[in-house]
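Undergrad:
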Amino acid sequence: MSTAVVLQPGEGPIRSTSYLPADPAAVFWGHLPCEADAAVLEVDPGTEVTIDTISHEGILEDQGSDPLAFFASHGVARDAVLGDAIDLAATRRRDPATDGPHVVTGPIAVRGAQAGDLLAMTVVETLQRVPYGVISNRHGRGALPGEFPRGDATVSIFSPVGGSGSTASLPRAAGAERDIHYPLAPFLGTMGVAVAGSERPHSVPPGAFGGNIDIKLLTAGATLYLPIQVEGALAYVGDPHFAQGDGEVALTALEASLRATVRFDVVPAADPLAEFAREHGPFVETEEYLVPTGLDRDLRDAMKKAVRSAIALLHARYGMDPEHAYAYLSAATDFDVSQVVDLVCGVHARIRKADFA
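This note's numbering puts the first residue of the sequence shown at 152, with every later residue one more than the last.
1. Is Glu212 helix, strand or coil by DSSP?
2. Using a Cβ-Cβ cut-off of 8 Å (strictly less than) and excluding sequence neighbours within five positions of Leu239, which residues of its own chain qualify?
3. Please determine, among His475, Leu385 and Arg501, the residue with the shortest C-alpha to C-alpha distance to Met454.
4. CA-CA distance, Gln214 and Ser481?
5. So Tyr283 and Ser307 are in contact, right, with Cβ under 8 Å, and what is the actual spacing, rounded?
6. Below 6 Å CB to CB, which residues in the same chain sit around Pro518 once its five sequence neighbours on both sides are set aside?
7. Taking the C-alpha atoms as reference points, what is the distance between Asp330 and Val355?
8. Can you find the residues in the same chain that come closer than 7 Å, C-beta to C-beta, to Phe221, ignoring five residues on each side of it along the sequence?
9. If we ignore side chains and look at the alpha-carbon of each, how far apart do Met152 and Val312 end up?
10. Start and end of the alpha helix (DSSP H) containing Ser317?
11. When you compare each of Ala264, Val274 and Glu438 to Val194 by their alpha carbons, which one comes out closest?
12. Alpha carbon to alpha carbon, how far is Ile366 from Asp516? Give it in angstroms, no decimals.
13. Let me know if Glu430 comes out buried or exposed under the rule of 16 or more other beta-carbons within 10 Å of its beta-carbon.
14. In the DSSP assignment, the alpha helix (DSSP H) including Met272 goes from what residue to what residue?
15. Taking DSSP as the reference, what is the three-state secondary structure of Ala467?
16. So who's on the other strand from Ser287, going by DSSP bridges?
17. For Glu474, tell me which candidate among Arg244, Gly383 and Ile462 has the shortest Cα-Cα distance.
18. Please name the residue, chosen from Thr198, Arg448 and Asp268, that lies closest to Ile259 on a Cα-to-Cα basis.
19. Extract the residue ranges of the alpha helix (DSSP H) inside the stretch 386 to 456, only unbroken runs of 4 or more that lie entirely within it.
20. In angstroms with no decimal places, state the Cα-to-Cα distance between Pro187 and Gly348.
21. Which partner residues of Ser169 appear in the DSSP bridge assignment?
22. Compare the C-alpha of Asn363 against each of Asp230, Gly251, Phe486 and Gln159 and name the closest.
23. Pull up the DSSP beta-bridge partners for Leu377, would you.
24. Can at least three beta-carbon pairs, one atom from the stretch 374 to 382 and one from the stretch 334 to 344, be found at a separation below 8 Å?
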């Protein structure tokens, strides 16, 4: 296993002077914040916040609710298991019948943010907190429910990170000649803002508020834009990944805890992009792409929504008329399946910004 540093709470590099640890008082487990929830941190627009996140893998009931024992069974030393994950599993419980699996840190209030504005959450940095992750497949979940897992139990595959921290490996499976090594691209699967009202959303299905959108393009340097629903935005992050393939077909990808630094900016309601997001929902911007999204329980309808969103974004950003936008998308833009495992499916487009330079 890698000898990489383990980032216990408050230890190791912390980029920002605003630091939010993932202690039990600052996280939600299974549901997402709503308007009625109090902020655990308040910042000015433009502030970078370093946030610890906890992966749900290793703390769930079907893994024994004991991260020390679970990871010890995979050869992980006690001091390489995160203390905040141990504390969470020891002090909090969730109901698998009604609660989602995800742990999110927050909410964070952004001063001056109002409903109708747009919150820009820019991922400045992601640091691996541990040198390992887990990929799980559970009954009734994933792209092939009823076919996988093939036995009665949840299948959780331990995946150690290489010494360079840039690759992970799958242990040699039956019939395989060697271990499989694959590249890492860490990102936060859940980034969102609080919904209006007093009802907390389930942590699994994404929505206009963001949440569990699982768009793997949200690596360091990318920005997620979300229509704000409540005063202060009440933002949160979680569901950390070290790697994911589009689709996330087995249910989870390489789930593992991250320390992420995120910058929070506010786009005023009068901006055309804010108007776009209020109608069409979240979108992402990377150095290379504009990434509009489509979300729906039916994958075909998610695709249609992503195309409509892309047409509208090309108009809002570049002034293109719908006919030319539709033609351009058909000739030059890839539409990718973000995920098919979160009850609400996701599709996102990758519009090359260089084409409009």
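Quick reminder that beta carbons are idealized off the backbone N, C-alpha and C, glycines included.
TA: With the given structure in hand:
1. For the purposes of this step, residue 212 is identified with residue 61 of the sequence shown, where counting begins at 1. Correct three-state label for Glu212: helix.
2. Taking the first residue of the sequence shown as position 1, residue 239 is located at position 88. Cβ-Cβ distances below 8 Å link Leu239 to Ala173, Pro175, Val178, Trp180, Ile205, Ile210 and Val254 in the same chain, with the five nearest sequence neighbours on each side left out; the list follows chain order.
3. Position 303 of the sequence shown, counted from the start, is the residue given in the question as residue 454. The alpha carbon of Met454 has as its nearest neighbour, out of His475, Leu385 and Arg501, the alpha carbon of Arg501.
4. As a working note, residue 214 is residue 63 in the sequence shown. As a working note, residue 481 is residue 330 in the sequence shown. Annotation: Gln214 to Ser481 spans about 45 Å, alpha carbon to alpha carbon.
5. In the sequence shown, residue 283 corresponds to position 132, counting from 1. In the sequence shown, residue 307 corresponds to position 156, counting from 1. With a Cβ gap of about 12 Å, Tyr283 and Ser307 do not count as contacting.
6. Outside the shown range of the chain (152 to 508) lies residue 518, about which nothing can therefore be said.
7. Locating residue 330 in the sequence shown gives position 179, counting from the first residue. Locating residue 355 in the sequence shown gives position 204, counting from the first residue. One Cα belongs to Asp330, the other to Val355, and the distance between them is close to 31 Å.
8. Start at 1 with the first residue of the sequence shown, and residue 221 comes out as number 70. For Phe221, the CB contacts under 7 Å within the same chain, skipping 5 residues up- and downstream, are Gly209, Gln214 and Gly215 in chain order.
9. Translated into the one-based positions of the sequence shown, residue 152 becomes position 1. Translated into the one-based positions of the sequence shown, residue 312 becomes position 161. Only weak support is given to the placement of Met152: the predicted model assigns it a pLDDT of 41, under 50, and the value that follows is read from those uncertain coordinates. Rounded to whole angstroms, Met152 to Val312 spans 7 Å at the Cα level.
10. For the purposes of this step, residue 317 is identified with residue 166 of the sequence shown, where counting begins at 1. Segment: none, Ser317 is in no alpha helix (DSSP H) and carries neither H nor E.
11. Taking the first residue of the sequence shown as position 1, residue 194 is located at position 43. Taking only the C-alpha atoms, the option nearest Val194 is Ala264.
12. Outside the modelled stretch of the chain, which goes from 152 to 508, sits residue 516, for which no answer is possible.
13. As a first step, residue 430 is located in the sequence shown; it is residue number 279 there, counting from the start. Classified as exposed, Glu430 has fewer than 16 neighbouring CB atoms from the shown chains inside 10 Å of its CB.
14. As a working mapping, residue 272 is identified with position 121 in the sequence shown. Met272 -> not in any alpha helix (DSSP H); beta strand (DSSP E) instead, spanning Leu269 to Gln279.
15. In the sequence shown, residue 467 corresponds to position 316, counting from 1. In the three-state DSSP reduction, Ala467 falls in the helix class (H, G or I).
16. Along the sequence shown, read from residue 1 onward, the residue named residue 287 stands at position 136. When DSSP reads this structure, Ser287 sits in a beta bridge with Ser307.
17. As a position in the sequence shown, residue 474 is number 323, starting the count at 1. Of Arg244, Gly383 and Ile462, the residue nearest in Cα terms is Ile462.
18. For the purposes of this step, residue 259 is taken as residue 108 along the sequence shown, with counting starting at 1. Here the closest residue by C-alpha is Thr198.
19. If we require 4 residues or more, the alpha helix (DSSP H) runs fully inside the stretch 386 to 456 come out as 423 to 431.
20. Position 36 of the sequence shown, counted from the start, is the residue given in the question as residue 187. Position 197 of the sequence shown, counted from the start, is the residue given in the question as residue 348. A quick correction: the sequence has Ala, not Pro, at residue 187. The C-alpha of Gly348 is placed about 7 Å away from the C-alpha of Ala187.
21. Sequence index remark: in the sequence shown, residue 169 carries index 18 (1-based). Residue pairing from DSSP places Ser169 in a beta bridge opposite Val200.
22. Working through the sequence shown from its first residue, we reach residue 363 at position 212. It is Gly251 whose Cα lies nearest to the Cα of Asn363.
23. Here residue 377 is taken as the residue at index 226 of the sequence shown, counted from 1. For Leu377, which the question treats as bridged, DSSP gives the partners Leu270.
24. These segments touch.
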